[in-house]
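Heads up: the structure comes next, in structure tokens.
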Amino acid sequence: KAGVTQTPRYLIKTRGQQVTLSCSPISGHRSVSWYQQTPGQGLQFLFEYFSETQRNKGNFPGRFSGRQFSNSRSEMNVSTLELGDSALYLCASSPWTGNTEAFFGQGTRLTVV
Amino acid sequence: KQEVTQIPAALSVPEGENLVLNCSFTDSAIYNLQWFRQDPGKGLTSLLLIQSSQREQTSGRLNASLDKSSGRSTLYIAASQPGDSATYLCALANAGGTSYGKLTFGQGTILTVHP
């Protein structure tokens, strides 16, 4: 069974640009959540999607958004990039919504210059 | 608000030692607790999941325990090997409300096992 796939693995963007990251969950999993990992703040929850609906959202500005498609694949978008958005963005897949076991992808390393 | 603390922040041991990593949390109304491993620059690998109703879980050389009353979990690694070198993270899922679908992570323990 294939794991969680995140694309791209690495990105370099300029301040002010916008970026879209993609996550394909494990086959059959319907919940996707996103996390930001930085050296200073550690892992922080961004949002969770289930059945194309955002079920919960972390404490991030509105520049961070996401969506989920009918095949459970998810994308997150960051607009008007700031230097502080440089981080490893991790996607997690779970069989169902709520607090079931989470399986993580390899992450997308975003560098904002 | 759930707060998760992992002690020690870093640990360096010789190969073969048995070791214990600690995770404490402030809100005992948890749904489950997961231990993860993270290699540098990589994603998280799930090691063990303990449901709220369980006291411990075992997988190979790993054993994780959960004591909700004291707000603690420990990860025991037996006969450590250099390949165990990584950052170990504990993460908690609280029940319902604003915690729905969210994991709260500790800052991790950086483990180095030297030959």
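Chains A and B, in that order, give the protein sequences.
Using the numbering used here, the first residue of the first sequence is number 1, and each one after it goes up by one.
Using the numbering used here, the first residue of the second sequence is number 1001, and each one after it goes up by one.
Even for Gly, the Cβ is constructed at its ideal location relative to N, Cα and C.
Keep in mind that this is a model prediction, so the values were computed, not measured.
**Prompt:** Residues in the segment 88-107 of chain A with C-beta within 7 Å of chain B's C-beta atoms, listed in sequence order?
**Reply:** For the segment 88-107 of chain A, the beta-carbon criterion of a distance under 7 Å to any beta-carbon of chain B is satisfied by Leu90, Thr97, Gly98, Asn99, Glu101, Ala102, Phe103, Phe104, Gly105, Gln106, Gly107.
**Item:** Closest Cα partner of A:Gly105 within the set A:Ser24, A:Gly40, A:Gly16, A:Ile12
**Value:** When each option's Cα is compared against that of A:Gly105, the closest is A:Ser24.
**Message:** At the level of alpha carbons, what is the spacing between B:Pro1082 and B:Pro1014?
**Reply:** About 8 Å.
**Message:** Assuming the contact rule is C-beta atoms closer than 8 Å, A:Gln41 and A:Tyr35 should be a hit. Round their C-beta distance to whole Å, please.
**Reply:** Taking 8 Å as the upper bound for CB-CB distance, A:Gln41 and A:Tyr35 are not in contact here, some 11 Å apart.
**Prompt:** With which residues is B:Glu1056 paired in a DSSP beta bridge?
**Reply:** B:Glu1056 pairs with B:Ser1065.
**Item:** Opening and closing residue of the beta strand (DSSP E) in which A:Ile26 lies
**Value:** No beta strand (DSSP E) holds A:Ile26; DSSP gives it neither H nor E.
**Closest residue to B:Ser1073 among B:Ile1050, B:Thr1104, B:Lys1102 (Cα-Cα distance)** = That would be B:Ile1050, whose Cα lies nearest to the Cα of B:Ser1073.
**Prompt:** For the segment 1049-1066 of chain B against the segment 1028-1040 of chain B, are there 3 or more C-beta pairs whose distance is under 8 Å?
**Reply:** Look at the beta carbons and you see the segment 1049-1066 of chain B touching the segment 1028-1040 of chain B: at least three pairs across the two are nearer than 8 Å.
**Message:** Beta-carbon within less than 6 Å of A:Arg73's beta-carbon, same chain only, minus the 5 sequence neighbours each way: which residues are those?
**Reply:** Cβ neighbours of A:Arg73 beyond the five flanking positions: Ser24.
**Asked** What residues from chain A crowd round B:Lys1042, counting only those whose CB sits closer than 8 Å?
**Response** Ordered by position in chain A, the residues that pass the 8 Å Cβ test against B:Lys1042 are Gln106, Gly107.
**Prompt:** Which residues, in chain order, does the segment 1028-1054 of chain B contribute to contact with chain A at a C-beta distance below 8 Å?
**Reply:** Listed by position along the chain: Tyr1031, Asn1032, Gln1034, Phe1036, Gly1041, Lys1042, Gly1043, Leu1044, Thr1045, Ser1046, Leu1049.
**Asked** In this structure, does DSSP put A:Leu81 in helix, strand or coil?
**Response** Looking at A:Leu81 - three-state DSSP - the assignment turns out to be coil, as it is neither helix nor strand.
**Request:** Grab me the residues of B:Glu1003's own chain with a C-beta within less than 6 Å of its C-beta, minus the 5 sequence neighbours each way, in chain order.
**Result:** Thr1026, listed in sequence order.
**Prompt:** Counting only beta-carbon atoms, is B:Thr1104 nearer than 9 Å to chain A?
**Reply:** The beta carbon of B:Thr1104 falls within 9 Å of a beta carbon belonging to chain A, placing the residue at that interface.
**Request:** Please list, in chain order, all residues of the same chain as B:Gly1016 whose beta carbon is under 7 Å from its beta carbon, the five residues on each side excluded.
**Result:** Counting only Cβ-Cβ distances below 7 Å, and skipping sequence neighbours, we find Ala1079, Ser1080.
**Message:** Starting from B:Ser1012, trace the beta strand (DSSP E) in both directions and tell me its first and last residue.
**Reply:** That run of the beta strand (DSSP E) goes 1010-1014.
**Message:** Give me, in chain order, the residues of the same chain whose beta-carbon lies closer than 6 Å to that of A:Gln17; leave out the 5 immediate sequence neighbours on both sides.
**Reply:** So the list reads Leu81, once near-sequence residues are dropped.
**Request:** May I have the straight-line CA-CA distance separating A:Asn56 from B:Pro1115, to the nearest angstrom?
**Result:** If you draw a straight line from the Cα of A:Asn56 to the Cα of B:Pro1115, it is about 45 Å long.
**Asked** Taking the DSSP output, what are the residues bridged to A:Phe69?
**Response** Answer is none; A:Phe69 lacks a bridge partner.
**Chain-ordered residues of the segment 14-45 of chain A with a beta carbon less than 7 Å from chain B** = Cβ contacts with chain B: Ser31, Ser33, Gly42, Leu43, Phe45.
**Asked** Using a threshold of 8 Å, is the CB atom of A:Ser31 nearer than that to any non-hydrogen atom of the ligand PLP?
**Response** As presented, the structure is devoid of all ligands, the ligand PLP included, so that no description of it is given.
**Asked** For the putative contact between A:Val4 and A:Phe103, defined by C-beta atoms under 8 Å, what is the C-beta separation to the nearest angstrom?
**Response** Yes, they are in contact, since the Cβ atoms of A:Val4 and A:Phe103 sit about 6 Å apart, within 8 Å.
**Message:** Taking 9 Å as the threshold (beta carbon to beta carbon), is A:Gly62 in contact with chain B?
**Reply:** False, the Cβ-Cβ gap to chain B never drops below 9 Å.
**Prompt:** Do you know offhand how far A:Leu88's Cα is from B:Leu1111's?
**Reply:** Distance from the CA atom of A:Leu88 to the CA atom of B:Leu1111, rounded to whole angstroms, is 20 Å.
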